[in-house]
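Here the numbering used here is used: the first residue of the sequence shown is 1, the next is one more, and so on.
Every residue, glycine too, gets a C-beta built ideally from N, C-alpha and C.
None of these values were measured; they are calculated from a predicted model.
See below for the structure under consideration.
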Amino acid sequence: MYPIHKGLHLLALLRYRDGVQMRFKRHFYIVPCLQVKVKRVIPKWRYIASLALPFVVISALLIVAMFATPVLHSPLFLILIAIHAGMCYPDFIHIRNIIGTPKHTFVEDADRGFSVLVSEE
Numbered sequence: 001m002y003p004i005h006k007g008l009h010l011l012a013l014l015r016y017r018d019g020v021q022m023r024f025k026r027h028f029y030i031v032p033c034l035q036v037k038v039k040r041v042i043p044k045w046r047y048i049a050s051l052a053l054p055f056v057v058i059s060a061l062l063i064v065a066m067f068a069t070p071v072l073h074s075p076l077f078l079i080l081i082a083i084h085a086g087m088c089y090p091d092f093i094h095i096r097n098i099i100g101t102p103k104h105t106f107v108e109d110a111d112r113g114f115s116v117l118v119s120e121e
């Protein structure tokens, strides 16, 4: 589920693909981790959309799959939805922090989180 989650983040940033850097890392020699760094500034609402897209798409697919399968398998999908909601929690924190910024702002990845740049319009 994690690679699909990261892929959906990248799908929302497809327009800015020339400024996106991806790296695969392995933690503890087993766990694959996809690291994504955005090297250019992105409009605030595009950044929010890229953060929210994985939660909306994967949760909707899991809910549809839950209703399409027999009742005995539905707890499995509820557990997967809960795991995915936990994976999305940092995205929700970022969205909450970005929502309060002024209208015409841009977001840039920084070493410790992100920077919000305000345009002079």
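Open item on the list: For Leu51, count the other beta carbons within 10 Å of its own beta carbon; 16 or more makes it buried, fewer makes it exposed. Which is it?
Closed with: buried
Open item on the list: Pop quiz: Ala65 and Phe77 are said to be a contact at Cβ under 8 Å. What is the actual Cβ separation, rounded to whole angstroms?
Closed with: 6 Å
TODO: Note down the Cα distance separating Arg147 from Ile4, rounded to an integer number of angstroms.
DONE: Residue 147 is absent from the structure shown; the chain starts at 1 and stops at 121.
Open item on the list: For Lys39 and Phe106, which I take to be in contact (beta-carbon distance under 8 Å), what is that distance rounded to the nearest angstrom?
Closed with: Going by Cβ atoms, the distance from Lys39 to Phe106 rounds to 13 Å, so no, they are not a contact pair.
TODO: Would you check if the distance between the CB atom of Ile48 and the CB atom of Ile98 is smaller than 8 Å?
DONE: yes
Task: Run of the alpha helix (DSSP H) containing Asp91, from where it starts to where it stops - done: 74-99
Task: Distance, Gly86 Cα to Ala68 Cα - done: 24 Å
Open item on the list: For a test of the three-state rule: what should DSSP assign to Phe24, helix, strand or coil?
Closed with: strand
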